[in-house]
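**Q**
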Amino acid sequence: MGTPLLSPVSRGTADTGPRAFDSRLAALALLLAIVGAVALLIPHGPVRLVLLLAFMTAAPGAAIVSYLRIADRILAVGLAITFSLGLTALVAALMVWAEQWHPSAATAATLVVTAGLALGRLRPVGGPSAADTTAPPPIGSGALAPTLLTVGAALWLVTVLRADPDQIGPYGLTWGLGVPFVAAVAMTCLGCGVELFGRERLPVLIAGVGVLACQMWGSAPLMLPVPEYSWTYKHVGVVEFIQQHGAVLDADDIYQQWPAFFAAVAQLSTVAGVPSIRFAAWSSLYFGLLDVVLIAAVVSTLSRSTRVLFGTVLGFTACLWVDQNYFSPQAFAYALSLGFFALLMHGCRGLPASRAAGRLNRLRLLLVRDAPTVRDRPRWPLLLAVVLLFAAITVAHQLTPYLLLFGVGVLTVLGLIRPYWLIGVLAVVAGGYFLPRMGGVSSQYHLFDGFNLFSNASGNSSGWGSTPQKFSAVVARALAFLVWLTALVVGWRRRRSLGLVVIPLVLGFTPFLLLLLQNYGGEAIYRVFLFSLPWCALLAASWWVLLRAGVWRGLTSGVILTVLALAGLQGLQGQFMLHAVPPADVRAAQYLEEQAPAGSTMTLVAAAFPARLTAGYGSINPGRSVDPSIVDEPSFRRLTLDADQLPAIETWAASYGGTETFLVVTDQMRKNTEYFGYLPDGSVDALRKALDASPRWSTYYRRADITIYRLEPAP
1 MGTPLLSPVS
11 RGTADTGPRA
21 FDSRLAALAL
31 LLAIVGAVAL
41 LIPHGPVRLV
51 LLLAFMTAAP
61 GAAIVSYLRI
71 ADRILAVGLA
81 ITFSLGLTAL
91 VAALMVWAEQ
101 WHPSAATAAT
111 LVVTAGLALG
121 RLRPVGGPSA
131 ADTTAPPPIG
141 SGALAPTLLT
151 VGAALWLVTV
161 LRADPDQIGP
171 YGLTWGLGVP
181 FVAAVAMTCL
191 GCGVELFGRE
201 RLPVLIAGVG
211 VLACQMWGSA
221 PLMLPVPEYS
231 WTYKHVGVVE
241 FIQQHGAVLD
251 ADDIYQQWPA
261 FFAAVAQLST
271 VAGVPSIRFA
281 AWSSLYFGLL
291 DVVLIAAVVS
301 TLSRSTRVLF
311 GTVLGFTACL
321 WVDQNYFSPQ
331 AFAYALSLGF
341 FALLMHGCRG
351 LPASRAAGRL
361 NRLRLLLVRD
371 APTVRDRPRW
381 PLLLAVVLLF
391 AAITVAHQLT
401 PYLLLFGVGV
411 LTVLGLIRPY
421 WLIGVLAVVA
431 GGYFLPRMGG
441 VSSQYHLFDG
451 FNLFSNASGN
461 SSGWGSTPQK
471 FSAVVARALA
481 FLVWLTALVV
491 GWRRRRSLGL
501 VVIPLVLGFT
511 PFLLLLLQNY
521 GGEAIYRVFL
531 FSLPWCALLA
541 ASWWVLLRAG
551 VWRGLTSGVI
561 LTVLALAGLQ
571 GLQGQFMLHA
581 VPPADVRAAQ
591 YLEEQAPAGS
601 TMTLVAAAFP
611 ARLTAGYGSI
621 NPGRSVDPSI
631 VDEPSFRRLT
641 LDADQLPAIE
651 TWAASYGGTE
661 TFLVVTDQMR
671 KNTEYFGYLP
681 DGSVDALRKA
691 LDASPRWSTY
701 YRRADITIYR
711 LEPAP
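Quick note: the sequence shown uses full-length UniProt numbering, first residue 1, plus one each step.
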């Protein structure tokens, strides 16, 4: 039946081959330290940014991992990235907490320590081990997969670079780019399928995953001049605040109270001399690629099958229609969480005692039947690393540590995570950080939304406002249900040897526990899918790739992957028209935040404006985490906002108080209200005319399709 999904693990001393790889890791760390040193010597700009990012992403962690004697190379690379990101975040957070903001000095110190550790680990490296020379027998034509991938990548690049984003319609990116884009994705998926069920050459498979990732997550930043999503910009403002003040000053600001991501980006931006708004657009691709590497590291701890590994990462890449990898702390915390699970699976796997009495223990043994053995006990350096990594996740994002605790807790009860006290330590870390900040969070957010499973799972849309919205939503939901159903079917097929799949089953479905507690602003169900997807993809891959290899099997897999990728793209970029932020809107938002009196109130027609993007973001709508919008007020929904509605709008806007009161009206808001059906077609244009004619409203700013109105005092 092929390679088992779960394989025995050992945390003991590595053999000669891995010792040689430890030296290669040290050499990589030293090389990246040199890259970082070069970056500090060249002028500020994009090149310096890229070099520094390469150093911060992998160098410190590679130096540390070279001392841990980890036998699995994929795992070692994944942990190098994880430790680098976690260390950078913790150091940056400590600087802002201590109000000792010295990003250049911190970067230089990290560089020196990294180089020192790497030099201490360098050893002469011999030739490749026997494992390096093994390869599967040739199947099919060796040129077919590389040709498909090359043509697919070239066609995608030409199509995207020649596209006009303003011509993308309401059905999204795939429909707007048309047949050439679909053909590019199809050729890439076919190339991946042929290689996966053919020669399994690692360079070709890695290239295939990279091309598909670029098509999924790199198309939008190539087409757009400024970062996608209006809600991205509120994170830019926090980064600029830390750069300006070097500290976190507002105890009620939820972003400042979880500063790890913002502080790390502020350090990178300051040392590179590049504002974060200029590179934020590439966050989805950057974190997406990191996720792929870290998922591969997780799978490498559970399976030794190349097909299982690449089948999992390809499934994840194609099906990730929830774009939580945009410029945000949750994207950073999610990447760290994948590294956390890789470390946990390597360092803390266990089995319940085989002779223990009692009903609970008998149930445990039934659920973990046929699970692979674990040869030795966890080492304390790995346990310490688990706790420190969890601490980095805890100070980066509010929700992520609790999603991790769900899964780790269930695995601990089953006896699959050792030692048992580890879950208690992790809970203390998460709770100890949250409790002092609970007041600030609860004043702006609901901590618990009750045990209302269906309400919490409903998402952030109450219905279909247009046919394009319905189409994209139905495709995305169908894809999610297919992913979950496939995982359940695989679990059912393995029910007689459940121990082989119990870990991905638990981690794939414990995120649903969130729906019992939280709506998370309508995003709970999206987080559930995000955290369950890697494990569901692993379950699906563990079954599919065990089928017999061959060209036709590869082509069939490529067709299936194409369908999944196109469905994922529809969910991901079906609302591209709304996600694209006009540069004029960014300039208007910057003007308002820089010129409006402190304490002013900014109201919107709809939440489609890139607000809170400067260091002074707290001076507008102070004390409010969400900017007030007309369409969020039930009394205005589906009304034509003409002159008859102005008195009610004025009363509503004035009710928020403030030094001055502003109302922002943009063409992007018109598209938003019509797409989601919040207002009748033509309502926003009618509102503009009424505001222009009203003596209570004056024009504060007007450029192109953007107008900012100021509410004048009542006579």
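All C-beta atoms, glycine included, are put in the ideal place defined by N, C-alpha and C.
1. Here's the rule: buried if 16 or more other CB atoms are within 10 angstroms of the residue's CB, otherwise exposed. What is Y326?
2. Taking contact to mean 3 or more Cβ pairs, one atom from each stretch, closer than 8 Å, check whether the segment 570-581 and the segment 533-544 are in contact.
3. Cα-Cα, which of V112, V386, I70 is closest to V35?
4. Is the closest heavy atom of the ligand HEM to the C-beta of A264 under 7 Å?
5. Assuming M95 and A106 form a contact by the criterion Cβ under 8 Å, report the distance between their Cβ atoms to the nearest whole angstrom.
6. Around the C-beta of R48, are 16 or more other C-beta atoms found within 10 angstroms, so that it is buried, or is it exposed?
7. Just to confirm before moving on: does the CB-CB distance between V204 and G152 stay below 8 Å?
8. Of the choices S655, A596, Y675, R587, whose alpha-carbon is the least far from that of D705?
9. From L384 to F340, what distance separates their C-alpha atoms?
10. Alpha carbon to alpha carbon, how far is R612 from Y700?
11. Tell whether a beta-carbon distance below 8 Å holds between F310 and G550.
12. Compare the beta carbon distance of A690 and A654 with 8 Å and say whether it is the shorter of the two.
13. Applying the criterion that 16 or more other CB atoms from any shown protein chain within 10 Å of the CB defines a buried residue, is W97 buried or exposed?
14. Just how far apart, CA to CA, sit S23 and A342?
15. For the beta strand (DSSP E) containing R702, list its first residue and its last residue.
16. Where does the unbroken alpha helix (DSSP H) through T661 begin, and where does it stop?
17. Expressed to the nearest angstrom, what Euclidean distance is found between the alpha-carbon atoms of L87 and R162?
18. Using only the alpha-carbon positions, how far apart do L505 and G499 sit?
19. Quick one: grab the DSSP three-state call for L679.
20. How close, in whole Å, do the beta carbons of H346 and L75 come, if the pair is a contact with beta carbons under 8 Å?
21. Leaving aside the five residues before and after Q244 along the sequence, list all residues of the same chain whose C-beta is less than 8 Å from its C-beta, in chain order.
22. Identify, in the order they occur along the chain, each residue of the same chain with its Cβ nearer than 8 Å to the Cβ of L344, setting aside the five sequence neighbours on each side.
23. Is the Cβ-Cβ distance between residue 744 and P622 less than 8 Å?
24. Please state if the CB of F512 and the CB of V490 are separated by a distance shorter than 8 Å.
25. Name, in chain order, the residues that DSSP records as bridge partners for Y709.
26. Beta strand (DSSP E) containing T603: first to last residue?
27. Whole angstroms is fine: what's the gap from A130's alpha carbon to A297's?
28. Keeping to the same chain, check which residues put their C-beta closer than 8 Å to that of T57; ignore five residues upstream and five downstream.
29. Should L507 be labelled buried (16 or more other beta-carbon atoms within 10 Å of its own) or exposed?
30. Let me know the alpha helix (DSSP H) ranges lying completely inside the segment 522-546, each 4 residues or longer, listed in chain order.
31. Using 8 Å as the threshold, is the C-beta distance between A39 and L31 below it?
32. Classify S303 as helix, strand or coil using the three-state DSSP reduction.
33. According to DSSP, is I168 helix, strand or coil?
34. Considering H579, what are the terminal residues of the alpha helix (DSSP H) in which it resides?
35. If you drop the 5 nearest sequence neighbours on each side, which residues of the same chain put their C-beta closer than 6 Å to that of L190?
36. According to DSSP, simplified to helix, strand and coil, what is L453?
**A** This is what the structure holds:
1. As a position in the sequence shown, residue 326 is number 326, starting the count at 1. Here Y326 is buried, its C-beta having at least 16 other C-beta atoms within 10 Å.
2. no
3. For the purposes of this step, residue 35 is identified with residue 35 of the sequence shown, where counting begins at 1. Nearest option by C-alpha distance: V112.
4. You won't find the ligand HEM in this model; it holds no ligand whatsoever.
5. Counting from 1 along the sequence shown, the entry for residue 95 is found at position 95. Counting from 1 along the sequence shown, the entry for residue 106 is found at position 106. With 8 Å as the limit, M95 and A106 qualify as a contact, their Cβ atoms being about 6 Å apart.
6. As a working mapping, residue 48 is identified with position 48 in the sequence shown. Buried, since its Cβ has 16 or more Cβ neighbours within 10 Å.
7. Position 204 of the sequence shown, counted from the start, is the residue given in the question as residue 204. Position 152 of the sequence shown, counted from the start, is the residue given in the question as residue 152. Contact: no.
8. Counted from its first residue, the sequence shown places residue 705 at position 705. D705 has its Cα closest to that of R587, out of S655, A596, Y675, R587.
9. Walking along the sequence shown from the start, residue 384 turns up at place 384. Walking along the sequence shown from the start, residue 340 turns up at place 340. Approximately 12 Å, taken between the alpha carbons.
10. In the sequence shown, the residue the question calls residue 612 occupies position 612. In the sequence shown, the residue the question calls residue 700 occupies position 700. Cα-Cα distance, rounded: 18 Å.
11. For the purposes of this step, residue 310 is taken as the residue at position 310 of the sequence shown. For the purposes of this step, residue 550 is taken as the residue at position 550 of the sequence shown. For F310 and G550, no; Cβs fall outside 8 Å.
12. In the sequence shown, counting from the first residue as 1, residue 690 sits at position 690. In the sequence shown, counting from the first residue as 1, residue 654 sits at position 654. Their beta carbons are not under 8 Å apart, which means A690 does not touch A654 by this criterion.
13. Taking the sequence shown and counting its residues from 1, the one referred to as residue 97 is at position 97. Exposed, because fewer than 16 other Cβ atoms sit within 10 Å of the Cβ of W97.
14. To locate residue 23, count along the sequence shown from 1; it is residue 23. To locate residue 342, count along the sequence shown from 1; it is residue 342. Taking the Cα positions, S23 is about 21 Å away from A342.
15. Counted from its first residue, the sequence shown places residue 702 at position 702. 697-703 is the span of the beta strand (DSSP E), which, as asked, contains R702.
16. If you number the sequence shown from 1, residue 661 lands on position 661. Where T661 is concerned, there is no enclosing alpha helix (DSSP H), although the beta strand (DSSP E) around it starts and stops at 661-666.
17. By 1-based counting over the sequence shown, the position of residue 87 is 87. By 1-based counting over the sequence shown, the position of residue 162 is 162. Rounded to whole angstroms, L87 to R162 spans 40 Å at the Cα level.
18. Walking along the sequence shown from the start, residue 505 turns up at place 505. Walking along the sequence shown from the start, residue 499 turns up at place 499. Roughly 10 Å between the two C-alpha positions.
19. Working through the sequence shown from its first residue, we reach residue 679 at position 679. Coil, per DSSP.
20. Here residue 346 refers to the residue found at position 346 of the sequence shown. Here residue 75 refers to the residue found at position 75 of the sequence shown. So it is a contact: roughly 6 Å between Cβ atoms.
21. Position 244 of the sequence shown, counted from the first residue, corresponds to residue 244. Closer than 8 Å at the Cβ level, and outside the excluded window around Q244, lie A615.
22. One-based indexing of the sequence shown puts residue 344 at position 344. So the qualifying residues of the chain are V386, V408, I417.
23. Absent from the model: residue 744. The displayed extent of the chain is 1 to 715, so no value can be given.
24. Position 490 of the sequence shown, counted from the start, is the residue given in the question as residue 490. Position 512 of the sequence shown, counted from the start, is the residue given in the question as residue 512. Not a contact, by the Cβ cut-off of 8 Å.
25. Start at 1 with the first residue of the sequence shown, and residue 709 comes out as number 709. According to the DSSP secondary-structure assignment, Y709 is paired through a beta bridge with L663, T699.
26. As a working mapping, residue 603 is identified with position 603 in the sequence shown. From DSSP, the beta strand (DSSP E) with T603 extends over 601-604.
27. By 1-based counting over the sequence shown, the position of residue 130 is 130. By 1-based counting over the sequence shown, the position of residue 297 is 297. In this predicted model, A130 has a pLDDT of only 44, less than 50, meaning its place in the structure is not dependable; the value taken from the coordinates is given anyway. If you take the alpha carbons of A130 and A297, they lie about 21 Å apart.
28. In the sequence shown, the residue the question calls residue 57 occupies position 57. Excluding positions up to five away in sequence, the list reads I81, S84, L85, L290.
29. As a working mapping, residue 507 is identified with position 507 in the sequence shown. With 16 or more other Cβ atoms within 10 Å, it is buried.
30. Entirely contained in the segment 522-546, the alpha helix (DSSP H) runs reaching 4 residues are, in chain order, 524-544.
31. Reading the sequence shown from its first residue, position 39 is the one you call residue 39. Reading the sequence shown from its first residue, position 31 is the one you call residue 31. In this structure, L31 does not lie closer than 8 Å to A39 by Cβ.
32. What you label residue 303 is simply residue 303 of the sequence shown in a count that begins at 1. Note: S303 maps to coil in three-state DSSP.
33. The residue labelled residue 168 in the question sits at position 168 within the sequence shown. If DSSP states are grouped into helix, strand and coil, I168 belongs with coil.
34. As a first step, residue 579 is located in the sequence shown; it is residue number 579 there, counting from the start. Start and end: 576-579.
35. Taking the first residue of the sequence shown as position 1, residue 190 is located at position 190. If we look at L190 and ignore the five residues flanking it on each side, its Cβ neighbours are L148, G558.
36. Here residue 453 is taken as the residue at index 453 of the sequence shown, counted from 1. With a pLDDT of 47 at L453, under the threshold of 50, the predicted position of this residue should be treated as unreliable, though the coordinate-derived value follows. If DSSP states are grouped into helix, strand and coil, L453 belongs with the helices.
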